[in-house]
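Chemist: Residue numbers (our numbering): 8 to 588. For each residue, glycine too, the CB sits at the ideal point set by N, CA and C.
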Amino acid sequence: MYNYKKIPILEMIFYRRIGVHDVRIAALTKTKWVVILLLSACIPTDHTSGYSVQRLAVVDEQPSGNHSIFEKYSSPVEVSFVREAGDDLERMISQLPGETLLDNRWTRLYEQDLGIKLRYDWIAKGDVYGQKLGVSLASGRIPDVVKVNPYQLRQLSNAGLIQDLSEVYTTYTSPFAKSILEAEGSGPFDAATIDGKLMAIPETASSIETAQYLWVRTDWLERLGLQPPETMEDVLDISKAFTIEDPDGNGEPDTYGLALTNHLWDPVMGVAGLMAGYGAYPNIWIKDADGKLVYGGIQPEVREALQVLQTMYLEGQLDPEFSYKKGTQAVRLIKDGKIGMLYGEQWTPFMIQSSREDDAEADWQAYPIVAESGRQIKVPLRTNAWQYFAVRKGYAHPEVVMKLMNLHLQTNWGEQAQYETYYNDDSKAVWMLSPVTPFPGTKNLDAYRQIREAQRSGNLAVLQDEASAIQKRIEAYVTEDVESGWGWNQTYGPTGAFSIADGYERNGQLLYDQFTGGITETMIDRQMILNDLQLEAYMNIILGRPIEEFDQFVKNWLKLGGEQITTEVNTWLKTKTALER
Ligand SMILES: [Ca+2]
Numbered sequence: 008m009y010n011y012k013k014i015p016i017l018e019m020i021f022y023r024r025i026g027v028h029d030v031r032i033a034a035l036t037k038t039k040w041v042v043i044l045l046l047s048a049c050i051p052t053d054h055t056s057g058y059s060v061q062r063l064a065v066v067d068e069q070p071s072g073n074h075s076i077f078e079k080y081s082s083p084v085e086v087s088f089v090r091e092a093g094d095d096l097e098r099m100i101s102q103l104p105g106e107t108l109l110d111n112r113w114t115r116l117y118e119q120d121l122g123i124k125l126r127y128d129w130i131a132k133g134d135v136y137g138q139k140l141g142v143s144l145a146s147g148r149i150p151d152v153v154k155v156n157p158y159q160l161r162q163l164s165n166a167g168l169i170q171d172l173s174e175v176y177t178t179y180t181s182p183f184a185k186s187i188l189e190a191e192g193s194g195p196f197d198a199a200t201i202d203g204k205l206m207a208i209p210e211t212a213s214s215i216e217t218a219q220y221l222w223v224r225t226d227w228l229e230r231l232g233l234q235p236p237e238t239m240e241d242v243l244d245i246s247k248a249f250t251i252e253d254p255d256g257n258g259e260p261d262t263y264g265l266a267l268t269n270h271l272w273d274p275v276m277g278v279a280g281l282m283a284g285y286g287a288y289p290n291i292w293i294k295d296a297d298g299k300l301v302y303g304g305i306q307p308e309v310r311e312a313l314q315v316l317q318t319m320y321l322e323g324q325l326d327p328e329f330s331y332k333k334g335t336q337a338v339r340l341i342k343d344g345k346i347g348m349l350y351g352e353q354w355t356p357f358m359i360q361s362s363r364e365d366d367a368e369a370d371w372q373a374y375p376i377v378a379e380s381g382r383q384i385k386v387p388l389r390t391n392a393w394q395y396f397a398v399r400k401g402y403a404h405p406e407v408v409m410k411l412m413n414l415h416l417q418t419n420w421g422e423q424a425q426y427e428t429y430y431n432d433d434s435k436a437v438w439m440l441s442p443v444t445p446f447p448g449t450k451n452l453d454a455y456r457q458i459r460e461a462q463r464s465g466n467l468a469v470l471q472d473e474a475s476a477i478q479k480r481i482e483a484y485v486t487e488d489v490e491s492g493w494g495w496n497q498t499y500g501p502t503g504a505f506s507i508a509d510g511y512e513r514n515g516q517l518l519y520d521q522f523t524g525g526i527t528e529t530m531i532d533r534q535m536i537l538n539d540l541q542l543e544a545y546m547n548i549i550l551g552r553p554i555e556e557f558d559q560f561v562k563n564w565l566k567l568g569g570e571q572i573t574t575e576v577n578t579w580l581k582t583k584t585a586l587e588r
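(1) DSSP on Ser87, reduced to helix/strand/coil?
(2) Between the Cα of Pro442 and the Cα atoms of Met409, Glu216, Ala424, Glu487, which residue gives the shortest distance?
(3) Considering only their Cβ atoms, is the gap separating Ile526 from Tyr158 smaller than 7 Å?
(4) Which residues end up in the neighbourhood of ligand 1 when you take C-beta atoms closer than 6 Å to any of its heavy atoms?
(5) For Met530, collect the residues of the same chain with a Cβ closer than 7 Å to its Cβ; drop the 5 residues on either side in sequence, then sort them by chain order.
(6) Note down, in chain order, each residue of its chain lying with its Cβ closer than 8 Å to the Cβ of Gln317, except the 5 sequence neighbours on either side.
(7) Would you tell me roughly how many angstroms separate the C-alpha atoms of His404 and Trp420, rounded to the nearest one?
(8) Write down the C-beta distance between Ser246 and Met348 rounded to the nearest angstrom, noting that I regard them as a contact closer than 8 Å.
(9) What is the DSSP secondary structure of Trp420, reduced to helix, strand or coil?
(10) Between which two residues does the alpha helix (DSSP H) carrying Asp94 extend?
(11) Considering only the alpha carbon of each residue, which of Tyr127, His415, Gln138 lies closest to Phe183?
(12) For Gln102, does the count of other Cβ atoms within 10 angstroms reach 16, so buried, or fall short, so exposed?
(13) Glu591 by DSSP, collapsed to three states: which one?
(14) List the endpoints of the continuous beta strand (DSSP E) containing Leu586.
(15) Residues in the same chain with beta-carbon distance under 7 Å from Glu556, minus the five sequence neighbours each way, listed in chain order, please.
(16) So what's Asp151 in DSSP terms, helix, strand or just coil?
(17) Excluding sequence positions up to five away, which residues of its chain have a Cβ less than 7 Å from the Cβ of Asn563?
(18) Would you mind working out which of Arg230, Leu517, Asp488 sits nearest Glu252, comparing C-alpha positions?
(19) Answer with buried or exposed for Gly57, where buried requires no fewer than 16 other C-beta atoms within 10 angstroms of its C-beta.
(20) In terms of residues, what are the limits of the beta strand (DSSP E) holding Met348?
(21) Pair every Cβ in the stretch 196–215 with every Cβ in the stretch 354–372, then say whether three or more of these pairs are closer than 8 Å.
(22) Taking only runs that begin and end inside the stretch 211–289, name each unbroken beta strand (DSSP E) of 3 or more residues, in chain order.
(23) So, helix, strand or coil for Ile201, using DSSP?
(24) Taking the alpha helix (DSSP H) that Val309 falls in, what are its first and last residues?
(25) Rounded to the nearest angstrom, what separates Leu265 and Leu109 at their Cα positions?
(26) Please check the pair Ile507 and Ile477, which I expect to be a contact at CB under 8 Å, by giving their CB distance rounded to whole angstroms.
(27) Give the single residue among Lys79, Asp453, Tyr430, Leu452 whose Cα lies nearest to the Cα of Pro445.
(28) Compute the Euclidean distance between the alpha carbons of Val223 and Glu352, then round it to the nearest angstrom.
(29) Which residue marks the beginning of the alpha helix (DSSP H) containing Asp453, and which one marks its end?
(30) Which residues in the same chain as Leu388 place their Cβ atom closer than 7 Å to its Cβ, once the five residues preceding and following it in sequence are excluded?
(31) Rank Gly194, Lys154, Arg513, Ser434 by C-alpha distance to the C-alpha of Trp495 and give the top, closest one.
(32) Locate the beta strand (DSSP E) running through Val301, then write down its first and last residues.
(33) Helix, strand or coil: how does DSSP classify Leu108 here?
(34) Quick one: what does DSSP say Pro195 is sitting in, helix, strand or coil?
(35) From the DSSP output, which residues share a beta bridge with Trp371?
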């Protein structure tokens with residue numbers, strides 16, 4: 008029986024999707040959802056308001072003039088946050104002479120331009136941060152502004168600890184920030200709207216950035232005389248050949264077709280891209296034939312995909328120890344040249360580039376994900392809201408959060424952007440020095456489009472700051488073989504991941520999560536349990552348990568809250584549809 012340490016599976020749903028420059032952070036950050044349980048136990052639920060489906064009426068109004076949006080406070084205003092630190096952040100700060108987490112280019116800018124003085128109640132690393140935040144939320148001792156996930160938001164709101172930000176959002180959001188935060192519609196706001204009040208400001212991201220690609224060792228394809236995959240059948244043939252035909256030519260049976268991790272929904276080395284090939288979308292809500300919302304994870308298509316993965320595992324095409332390895336461990340096999348394929352998001356090159364350190368011939372290429380013969384491929388995308396800024400009840404300047412976000416966006420992507428000073432300074436992710444880090448969700452795709460345009464026309468003037476910085480790195484790789492530009496070319500180059508995303512979009516292949524209502528009442532207590540149940544059932548089947556266990560899992564999922572959640576999700580859909588008429 009598969010026996011693993013429980014993995015906080017929800018982390019992927021709210022996975023902070025950021026650009027490729029942040030890859031190390033993105034790959035290593037783990038949100039500790041265990042705090043939610045603690046929170047559920049501590050906060051009385053009698054404030055529970057029921058799931059709100061009211062839309063925020065003010066969202067479409069323009070702010071009443073720009074008078075105070077960028078205005079500096081005449082006397083300084085203090086605001087406290089709490090802060091997660093990490094090795095990558097510390098390493099970066101150590102490379103920035105004269106700067107610390109408490110005193111740096113961002114804190115200085117906020118103070119100088121807005122008169123806002125930042126303070127951290129406490130700073131902690133990784134796991135400890137998650138635990139401390141859980142205790143802080145449960146005890147009601149929160150900073151002036153706190154970054155939370157949708158579950159924590161609901162708990163704080165139910166406990167009456169945070170204030171209504173409807174007016175702050177209406178009055179203090181710059182048109183630029185508004186266009187970015189609302190780029191994918193009202194979903195993130197719906198999820199933060201409780202009893203008609205906007206209880207937090209969403210830091211939105213982009214769904215399309217979660218699109219999956221199939222990454223293949225092209226030097227192996229060539230060595231074995233194989234063609235790039237066009238169907239799932241091709242993928243399976245290639246996987247088999249990469250396992251048994253000695254693609255690395257060392258005479259040893261020491262390679263694997265496909266990389267996986269113990270967290271099956273990992274954005275890199277996960278199963279979502281493969282499952283889509285069978286019409287299975289295990290972690291989004293989809294519409295069934297009757298137009299009702301159903302959970303992708305319990306549909307029969309998943310059963311078929313699991314059967315395929317089980318065969319691959321039993322035939323030795325997967326690392327026999329993958330079920331014990333998280334991404335940072337699984338990646339070692341890639342570095343050692345033992346892996347021929349993996350599914351992953353656009354920033355995958357920065358994860359697999361290490362394979363080129365010991366083997367100069369190692370080369371990779373992104374391909375569109377493919378479907379089994381006779382099936383049209385759909386590319387599942389996860390929802391785009393991960394985190395929210397809530398403001399402590401009683402804090403006198405709730406608008407501070409919006410003012411910081413406005414300036415952050417303006418400084419990095421506005422008309423007079425200083426991208427290479429405030430965002431990415433000589434490949435250092437200095438944006439992380441700021442406690443608020445909103446960004447245009449499509450910035451990476453936009454940068455790709457600008458680069459493509461510039462490469463076609465030869466007119467570099469179309470490149471804005473970020474695209475220009477990326478283009479320079481691609482150029483260095485293409486013309487001078489500067490290895491650090493390899494990943495940028497794989498992602499943003501003419502045949503890179505974003506060229507495929509562009510195609511997905513043009514061909515109408517993108518499949519968005521059909522539920523964008525945030526957290527339903529039953530999800531608060533049950534979602535995490537259901538997710539563990541799902542991961543465990545899937546993993547056991549891949550590792551060889553009878554496929555009938557899938558049917559039992561579906562029954563259990565429905566019984567343990569899934570049925571109730573499905574009802575709630577469809578209630579949301581009905582109300583939403585009615586409002587749209
Ligand atoms: Ca070999």
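Modeler: Quick answer:
(1) Residue state for Ser87 is assigned as strand, using DSSP reduced to three classes.
(2) Met409
(3) yes
(4) Selection output, chain order preserved: Asp253, Asp255, Asn257, Glu259, Asp261, Thr262.
(5) Ile572
(6) Result list for Gln317: Ile548, Ile549, Leu550, Gly551, Ile554, in chain order.
(7) 26 Å
(8) 6 Å
(9) helix
(10) 94–101
(11) His415
(12) Under this definition Gln102 is an exposed residue.
(13) Examination of residue 591 is not possible in this model, given that the chain is present from 8 through 588 alone.
(14) Counting along the chain, Leu586 falls outside any beta strand (DSSP E), though it belongs to the alpha helix (DSSP H) covering 570–587.
(15) Ala544, Asn547, Ile548
(16) In this structure, Asp151 counts as coil in the three-state DSSP scheme.
(17) Contacts found: Leu540.
(18) Arg230
(19) Caution applies to Gly57, whose pLDDT of 30 falls short of 50 and renders its modelled position unreliable; the value that the coordinates give is listed next. It counts as exposed.
(20) Secondary structure note for Met348: its beta strand (DSSP E) is the uninterrupted segment 346–351.
(21) no
(22) Runs found: 220–224, 263–265.
(23) For Ile201, the three-state secondary structure derived from DSSP is strand.
(24) Looking at the DSSP string, the run of the alpha helix (DSSP H) that includes Val309 is 307–321.
(25) 44 Å
(26) Not a contact, Cβ separation roughly 17 Å.
(27) Tyr430
(28) 13 Å
(29) 450–464
(30) Ser214, Ile215, Thr217, Ala218, Leu517, Leu518, Tyr519, Asp520
(31) In terms of CA proximity to Trp495, Ser434 leads the group Gly194, Lys154, Arg513, Ser434.
(32) 300–302
(33) coil
(34) Helix.
(35) Arg224
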